[in-house]
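A.B. asks: Encoded as structure tokens, here's the structure I'll be asking about.
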Amino acid sequence: MSNIDLLTRRNASVPRGVALATSIFVEKAQNAEIWDVEGKRYLDFAAGIAVCNTGHRHPKIMSVANQQNEAFVHTAFQVVPYERYIALAERLNQLAPISNAKTILMTTGAEAVENAIKIARHYTKRPAVISFVGGFHGRSMLTMGLTGKVIPYKAGFGPFPASLYHVPFPIAHHGVSSEDSLHSLEKLFKADVEPSQVAAIIIEPVQGEGGFNIAPKEFMQALRQLCDQHGILLICDEVQTGFGRTGKLFATEHYGIEPDLMTIAKSLAGGFPLSGVIGQAEIMDSPEPGGLGGTYGGSPIGCAAAHAVLDVIADEQLCARSVKIGARMLERIQQMKDRSDTTAIGDVRGLGAMVAFELVKERGGHRPDADKVKQLTAKALQHGLILLSCGIYGNTVRLLAPLTIPDEQLEEGLDILETSLVEVA
Ligand code: PMP
1 MSNIDLLTRR NASVPRGVAL ATSIFVEKAQ NAEIWDVEGK RYLDFAAGIA
51 VCNTGHRHPK IMSVANQQNE AFVHTAFQVV PYERYIALAE RLNQLAPISN
101 AKTILMTTGA EAVENAIKIA RHYTKRPAVI SFVGGFHGRS MLTMGLTGKV
151 IPYKAGFGPF PASLYHVPFP IAHHGVSSED SLHSLEKLFK ADVEPSQVAA
201 IIIEPVQGEG GFNIAPKEFM QALRQLCDQH GILLICDEVQ TGFGRTGKLF
251 ATEHYGIEPD LMTIAKSLAG GFPLSGVIGQ AEIMDSPEPG GLGGTYGGSP
301 IGCAAAHAVL DVIADEQLCA RSVKIGARML ERIQQMKDRS DTTAIGDVRG
351 LGAMVAFELV KERGGHRPDA DKVKQLTAKA LQHGLILLSC GIYGNTVRLL
401 APLTIPDEQL EEGLDILETS LVEVA
């Protein structure tokens with residue numbers, strides 16, 4: 001089996017709407033390494049889009065998942081429930097920065113966001129939801145509506161549910177300050193929707209698909225205050241930021257605030273599909289029995305894996321490791337930026353190991369260069385490094401290495417990145 005044969009079959013059998021970040025096909029994956037069907041080895045700085053913070057097939061996670069497979073695979077939690085779901089809810093309630101929390105488990109990130117909005121609307125009895133330009137919340141109708149990027153996510157798929165509004169996310173180097181964002185919210189309340197009709201504001205503390213933009217602390221605190229003032233719920237979408245990626249278990253912990261609801265998915269279960277909403281008990285208990293749930297929500301294997309993920313994060317001190325990896329990545333990228341023979345690097349940023357940099361048309365400038373990012377990711381792939389782009393202008397490269405990556409492999413990946421930056425200059 002060759003990559004090219006599989007690509008031909010894939011293109012003939014799968015719609016093009018499912019985009020391709022690489023044209024290699026996986027045979028095997030272990031921790032931070034992937035081997036394709038032709039036997040070539042790659043370092044994985046994509047981690048299944050921020051899903052494998054604990055690496056591919058961590059032995060402890062696989063062992064627990066295998067045990068679960070031997071016992072039972074599916075009963076539907078609302079038909080015949082199981083202890084591991086309850087124990088996971090108990091654990092997450094303790095770990096989340098929300099006092100007196102309850103947790104519901106689902107399968108995908110979009111489903112978690114859908115449920116958070118359902119719960120917020122039910123509790124507040126208000127329709128409107130505010131989200132941010134450049135934010136990404138999923139591909140279902142409601143979460144597409146909340147997403148703040150038209151191409152490729154929304155174009156041609158409307159109409160979306162009503163009462164959804166967007167305001168600019170504070171990104172200093174794009175010329176949007178925290179004050180500008182707060183001012184836009186005030187204007188929205190004057191021009192489009194009265195705050196008493198707003199159920200929730202949903203925000204990624206660090207925008208993921210939008211370009212790893214880190215919300216300033218004062219902005220998150222001001223949002224919390226504004227929500228309290230108007231009885232609006234604050235939802236932190238931690239689908240991409242969660243489970244150690246930013247150097248804390250949840251990115252929200254960097255901000256000294258309590259959200260009312262949090263959405264989680266991706267690295268929660270180390271590669272098994274599992275998501276959830278954690279929220280204040282009173283809010284979470286608002287919908288009537290039967291109003292929430294789903295056939296596969298909180299699957300037994302997902303719950304089993306998530307317990308092992310939380311154990312591994314604690315035992316291997318992956319939050320501290322995330323800080324260390326992130327600092328090393330930032331140091332190396334800064335060195336690459338300072339070289340005169342690499343392609344022009346713009347803003348470099350990170351929170352823990354959630355690190356990204358922009359490629360720009362000229363050194364010292366801001367004009368985004370999305371084509372160069374395409375060349376860079378292709379070049380890096382040739383040299384054996386899987387990289388993902390992101391950002392509203394498509395000119396941001398994000399590094400999502402597993403937090404369990406050995407130091408030598410981290411350096412090896414960064415070396416490939418450096419060589420590739422020179423070669424595409
Ligand atoms: N929210 C955020 C912040 C995300 O990054 C994503 C996925 N990239 C989602 C929601 C949607 O998750 P899923 O693809 O599992 O539906």
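Residue 73 in my numbering sits at position 73 of the sequence shown, and the numbers go up by one each step. Where is the CB? At the ideal position from N, CA and C, for every residue including glycine. Please read these numbers as outputs of a predicted model, since none were measured by experiment.
As a quick exercise: from Lys361, Gln197, Leu387, Pro368, pick the residue whose alpha carbon is nearest that of Val355.
C.D. replies: Indexing the sequence shown from 1 puts residue 355 at position 355. Considering only alpha carbons, the answer is Leu387.
A.B. asks: Going by DSSP in three states, Thr143 sits in which element: helix, strand or coil?
C.D. replies: Position 143 of the sequence shown holds residue 143. DSSP places Thr143 in helix when its eight states are reduced to three.
A.B. asks: Measuring alpha carbon to alpha carbon, tell me which residue in Ile232, Gly384, Val206, Lys125 is nearest Gly242.
C.D. replies: In the sequence shown, counting from the first residue as 1, residue 242 sits at position 242. For Gly242, the nearest C-alpha among the options comes from Val206.
A.B. asks: Tell me the start and end of each unbroken beta strand (DSSP E) in the region 95-120 that is at least 3 residues and wholly inside, in chain order.
C.D. replies: Runs of the beta strand (DSSP E) inside the region 95-120: 101-106.
A.B. asks: Is it the case that the CB of Phe136 approaches a heavy atom of ligand 1 more closely than 7 Å?
C.D. replies: Counting from 1 along the sequence shown, the entry for residue 136 is found at position 136. Flag set: Cβ of Phe136 near ligand 1.
A.B. asks: Have a look at the DSSP bridge pairing and note the partners of Gly208.
C.D. replies: What you label residue 208 is simply residue 208 of the sequence shown in a count that begins at 1. Answer is none; Gly208 lacks a bridge partner.
A.B. asks: Relative to the C-alpha of Ser131, which residue among Ser181, Leu105, Ala87 is closest?
C.D. replies: Along the sequence shown, one-based indexing puts residue 131 at 131. Among Ser181, Leu105, Ala87, the Cα nearest to that of Ser131 belongs to Ser181.
A.B. asks: So, at 7 Å on beta carbons, what are the nonlocal neighbours of Val26 in its own chain, with the 5 sequence-adjacent residues on each side left out?
C.D. replies: Taking the sequence shown and counting its residues from 1, the one referred to as residue 26 is at position 26. Contacts found: Ile34, Asp36.
A.B. asks: Alpha carbon to alpha carbon, what distance is there between Ala320 and Lys154?
C.D. replies: Residue numbering aside, residue 154 sits at position 154 when the sequence shown is read from its first letter. Residue numbering aside, residue 320 sits at position 320 when the sequence shown is read from its first letter. If I take the Cα positions, the gap works out to 37 Å.
A.B. asks: Taking the alpha-carbon positions, what's the Ser299 to Leu92 distance?
C.D. replies: As a working note, residue 299 is residue 299 in the sequence shown. As a working note, residue 92 is residue 92 in the sequence shown. If I take the Cα positions, the gap works out to 16 Å.
A.B. asks: Does the beta-carbon of Gln240, which I'm using as the reference point, lie nearer than 7 Å to any heavy atom of ligand 1?
C.D. replies: Locating residue 240 in the sequence shown gives position 240, where the first residue counts as 1. For ligand 1, at least one heavy atom lies less than 7 Å from the Cβ of Gln240.
A.B. asks: Spatial neighbours of Pro152 within its chain, please: C-beta separation below 8 Å, excluding the five flanking residues on both sides.
C.D. replies: Taking the first residue of the sequence shown as 1, we reach residue 152 at position 152. Counting only Cβ-Cβ distances below 8 Å, and skipping sequence neighbours, we find Ala19.
A.B. asks: Terminal residues of the continuous alpha helix (DSSP H) containing Ile325?
C.D. replies: For this step, residue 325 is matched to residue 325 along the sequence shown. Taken as a continuous stretch (DSSP letters only), the alpha helix (DSSP H) holding Ile325 covers 318-338.
A.B. asks: Is Cys52 helix, strand or coil when you go by DSSP?
C.D. replies: By one-based count along the sequence shown, residue 52 stands at place 52. Reduced to three states, the DSSP call for Cys52 is coil.
A.B. asks: I need the boundaries of the beta strand (DSSP E) containing Val277, first residue and last residue.
C.D. replies: Here residue 277 refers to the residue found at position 277 of the sequence shown. That run of the beta strand (DSSP E) goes 275-280.
A.B. asks: CB Ile202 to CB Val150, shorter than 8 Å?
C.D. replies: As a working mapping, residue 202 is identified with position 202 in the sequence shown. As a working mapping, residue 150 is identified with position 150 in the sequence shown. For Ile202 and Val150, no; Cβs fall outside 8 Å.
A.B. asks: Report back the beta-carbon spacing between Thr143 and Val113 to the nearest angstrom; my notes put them in contact at under 8 Å.
C.D. replies: As a working note, residue 143 is residue 143 in the sequence shown. As a working note, residue 113 is residue 113 in the sequence shown. Correct: roughly 5 Å between the Cβ atoms.
A.B. asks: Smallest Cα separation from Ile264: which of Tyr255, Gly256, Ile257, Ile278?
C.D. replies: For the purposes of this step, residue 264 is taken as residue 264 along the sequence shown, with counting starting at 1. Ranking the options by Cα distance to Ile264, first place goes to Ile278.
A.B. asks: Within the same chain, show all residues whose beta-carbon is closer than 7 Å to that of Pro127, passing over the 5 residues directly before and after it, in chain order.
C.D. replies: Within the sequence shown, residue 127 is the residue found at index 127, counting from 1. Arg121, Ser163, Gln197, Ala199, listed in sequence order.
A.B. asks: I'd like the span of the beta strand (DSSP E) that includes Phe250, first residue to last.
C.D. replies: The residue labelled residue 250 in the question sits at position 250 within the sequence shown. Unbroken run through Phe250: none, as it is neither H nor E.
A.B. asks: Ser267 to Gln240, Cα distance in whole Å?
C.D. replies: Here residue 267 is taken as the residue at index 267 of the sequence shown, counted from 1. Here residue 240 is taken as the residue at index 240 of the sequence shown, counted from 1. Straight-line Cα distance between these residues: approximately 8 Å.
A.B. asks: Within its chain, find whatever has a CB closer than 6 Å to the CB of Thr108; leave out the 5 residues flanking it on each side and keep chain order.
C.D. replies: Within the sequence shown, the letter at position 108 stands for residue 108. Excluding positions up to five away in sequence, the list reads Ser275.
A.B. asks: Which residues mark the beginning and the end of the alpha helix (DSSP H) in which Met220 is found?
C.D. replies: If you number the sequence shown from 1, residue 220 lands on position 220. Note, Met220: alpha helix (DSSP H), 217-230.
A.B. asks: Check whether the Cβ atoms of Ala344 and Glu316 lie closer than 8 Å to each other.
C.D. replies: Mapped onto the sequence shown, residue 344 falls at position 344. Mapped onto the sequence shown, residue 316 falls at position 316. No.
A.B. asks: Taking the alpha-carbon positions, what's the Tyr296 to Val167 distance?
C.D. replies: Taking the sequence shown and counting its residues from 1, the one referred to as residue 296 is at position 296. Taking the sequence shown and counting its residues from 1, the one referred to as residue 167 is at position 167. When rounded, the distance between both Cα atoms is 34 Å.
A.B. asks: Just how far apart, CA to CA, sit Leu43 and Arg57?
C.D. replies: Along the sequence shown, one-based indexing puts residue 43 at 43. Along the sequence shown, one-based indexing puts residue 57 at 57. Rounded to whole angstroms, Leu43 to Arg57 spans 15 Å at the Cα level.
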